[in-house]
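A.B. asks: What follows is a structure written as structure tokens; I'll ask about it next.
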Amino acid sequence: MNNIRRRSRIRQHYSAEVKQMDEQMDEMHGVLQKLALDLEKSRIADYTRLLHKPFRLIWLNLLSGTARGVGIAIGFTFFAATIVYVLQLLGALNLPIVGDYIADIVRIVQRQLELDTY
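Position one of the sequence shown corresponds to residue -17 (the working numbering), numbered consecutively onward.
Right, here's the structure in full:
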């Protein structure tokens, strides 16, 4: 009888340990899943592929720099045209001091635009 009780206690002890290990494994699995998702979001694999292909890295940087430069040029042109348009409208109001100053600025800008720079 003692052997049976002893075996029963051992089984209970081991089953409790197994349950605890299962819980730890589930927790570890959750942590690893989160880590894998974070790594996937950070796109580390793409970055390391780029580091192993320097010519592709140079090409992508050249292309993105060109696109950024063109975007800045277009944006500045739109911004400057808007400012000139607003200044022309303010110049048409014939405000005493401000109107003359704005009219001078508009004339200077228009002269610069009419000149051939090449």
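All residues carry an ideal CB built from backbone N, CA and C; glycine is no exception. Nothing here was measured: the structure is a model prediction, and the numbers come from that model.
Please report the residue range of the alpha helix (DSSP H) in which residue 33 lies.
C.D. replies: That run of the alpha helix (DSSP H) goes 26 to 34.
A.B. asks: In whole angstroms, what is the alpha-carbon distance linking residue 84 and residue 96?
C.D. replies: Between residue 84 and residue 96, the C-alpha separation is close to 18 Å.
A.B. asks: Kindly give me the distance between the Cβ atoms of residue 39 and residue 32, rounded to whole angstroms, as I take these residues to be in contact under 8 Å.
C.D. replies: With a Cβ gap of about 5 Å, residue 39 and residue 32 count as contacting.
A.B. asks: To the nearest angstrom, report how far apart residue 75 and residue 68 are at their CA atoms.
C.D. replies: C-alpha separation (whole angstroms): 11 Å.
A.B. asks: Short of 6 Å in beta carbon distance, which residues of its chain neighbour residue 66, apart from the five on each side in sequence? Order them along the chain.
C.D. replies: Same-chain partners within the cutoff: 91.
A.B. asks: Helix or strand or just coil, what does DSSP make of residue 97?
C.D. replies: Three-state DSSP puts residue 97 in coil, outside helix and strand.
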